[in-house]
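Numbering (the numbering used here), first residue to last: 97 to 226. Just so you know, even glycine gets a beta-carbon here, dropped at the ideal spot from N, CA and C. Notes for the one structure printed next.
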């Protein structure tokens, strides 16, 4: 697993924003990047469903019609809300293996995960050949 990091660029602002806004510092969050080889084929079909519990969005494909280069999910941090998310994921049809990934992310305090065919590695997780 690796963390997506922003690319720092020196870009001249083209908008006429207030001088204070040129010194904006955004809060950032960790995103686990995980290859879809670590989820079942059935889970792979479910991650693109927009109404899947915790589904935040999909990155537009580089080539239209070629599928998404990533589906983002939020992992709830509050324990009670997380338990509900887990029940909802199970009810939606996600496997026990998928739920285990979410439990691990929650335990590590990682609030977001991106599932992608070219995503990152995760030592200790089994992988599926589909």
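Helix, strand or coil, according to DSSP, for residue 98 in the structure here? With a pLDDT of 47 at residue 98, under the threshold of 50, the predicted position of this residue should be treated as unreliable, though the coordinate-derived value follows. Three-state result, residue 98: strand.
Please go through the same chain and pick out, in chain order, the residues whose beta-carbon is closer than 7 Å to the beta-carbon of residue 190, but skip the five residues on each side of it. 139, 142
Residue of 181, 225, 152 minimising C-alpha distance to residue 209: 152
Quick one: Cα of residue 179 to Cα of residue 168, how far? 19 Å
Exposed unless 16 or more other CB atoms sit within 10 angstroms - verdict on residue 124: exposed
Identify every residue that forms a DSSP beta bridge with residue 130. 211
Quick one: measure Cβ to Cβ for residue 202 and residue 171, integer angstroms, because I've assumed they're closer than 8 Å. 5 Å
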